Amino acid sequence: MPRLDDVVAADGTRIRWWDNGCPTGSGVPVVISNGLGASPAAWPFLGGDGRPAPGTPRAVTWHHRGLGGSERPRDPQRIRIADHVDDMVAVMDAAGIERATVVGWSIGVSVAFEVARRFPDRVASLLVLGGVAGGGFRVGPTWTPAAVSRGLSRASAWSLRVVGPPVAGLISLLPRGLDASGVAAFAPGPLQTLAEVAREFSHHDWTWFSKMVLAAEEEPAIPVDALRVPVTVVAGEFDTMAPIEDMVALAEGIPGARLVRLPGTHFLPLQFPEVLHEELEALRAP
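Sequential numbering of the sequence shown, starting at 21, is according to the working numbering.
Below is the structure:
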């Protein structure tokens, strides 16, 4: 059965991590390097809904510092990619996972790539979506000048401190069990987990969350040309946070990477769970 546990990271910060409870003998385990503040509920095909199907691989993830039950670090500056990397390694050690297929989403993509760079023996393969290898985020249409896009990104991160609380209040009113296919009809498939993911997300401290986003904005690019593990890059054609051009360039810069383009937004785990499941299993295949 899925469970939550705590582990102490290298700097003494207590990190809450999640295990889907599936047996470790079902092939290479999976580590989810999640989007900032996202919960396991975003990954129902990995048991994030609390009901892993027979044959689901063992999967673990963690809640980022100061979010979802994890402790804030004593040093509030310890929220950089390097700190998230240390947390992921601590979780793998606590779970007894020596080597895993790593799934990275959004900011979690940078964390996944940095783990693969610093600890290559711990990463068997990579499935990344909705994010690039460091260098911050872009916001706005793809033709927006880089400097303007970065400025919009930082302004958006700051605005979370103002708009986050009222939006969270509205989200909290969503009825449990809501079928999200009626909310997001633009998607090609039912988004049955959207309401629960949004509800969990609404509980965050938005000022702290904003600081976390701004810290990620300051990260330098992470080199990926030396990667020697199988990598699949999944890109959303309408993702304004990880524009399709950036995702294509990322795939082209990784030796042998596979690129999958989907008619989706930044929230591909909620829009295309079946496709992501298939791509993950292809990476895990012997």
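Beta carbons are placed, not taken as given, at the ideal position from N, Cα and C, and that holds for glycine. The structure presented is a predicted model; accordingly, all values stated were derived computationally and were not measured.
Can you name, in chain order, every residue of its own chain whose Cβ lies under 7 Å from the Cβ of His224, other than the five neighbours on each side?
-> Gly57 and Leu87
Can you say whether Gln97 is buried or exposed, counting buried as having 16 or more other CB atoms within 10 angstroms of its CB?
-> By the neighbour-count rule (16 or more Cβ atoms within 10 Å), Gln97 is not buried but exposed.
Just tell me which of Phe133, Phe292, Pro293 and Leu247 has its CA closest to the CA of Pro275.
-> Leu247
Secondary structure at Thr81, three-state DSSP: helix, strand or coil?
-> Shown here, Thr81 sits in a strand according to DSSP, grouped into three states.
Just confirm the distance between the C-beta atoms of Gly128 and Gly55, as a whole number of angstroms; I'd bet it's less than 8 Å.
-> 6 Å
Beta bridge counterpart(s) of Ile274 as assigned by DSSP = According to DSSP, which records beta bridges pairwise, Ile274 is partnered with nothing at all.
May I have the straight-line CA-CA distance separating Arg92 from Phe229, to the nearest angstrom?
-> C-alpha separation (whole angstroms): 11 Å.
Can you tell which of His286, Leu149 and Val122 has its C-alpha closest to the C-alpha of Pro140?
-> Comparing Cα-Cα distances from Pro140 to each of His286, Leu149 and Val122, the minimum goes to Val122.
Could you tell me the boundaries of the beta strand (DSSP E) in which Asp39 lies?
-> Taken as a continuous stretch (DSSP letters only), the beta strand (DSSP E) holding Asp39 covers Arg34 to Asp39.
Count the C-beta pairs between the stretch 253-264 and the stretch 133-150 that are closer than 8 Å, then say yes if the count reaches three, no if not.
-> yes
At what residues does the beta strand (DSSP E) containing Ser59 begin and finish?
-> Neither: Ser59 is in no beta strand (DSSP E) and is coded neither H nor E.
From the DSSP output, read off the bridge partner residues of Gly124.
-> Ser53 and Val148
Can you tell me whether DSSP reads Val203 as helix, strand or coil?
-> Any answer about Val203 is weak, because its pLDDT of 39 lies below 50 and its placement is not dependable; what the coordinates show is given next. Coil, per DSSP.
According to DSSP, residues forming a beta bridge with Gly154 = Note: Gly154 sits in a beta bridge opposite Ala241.
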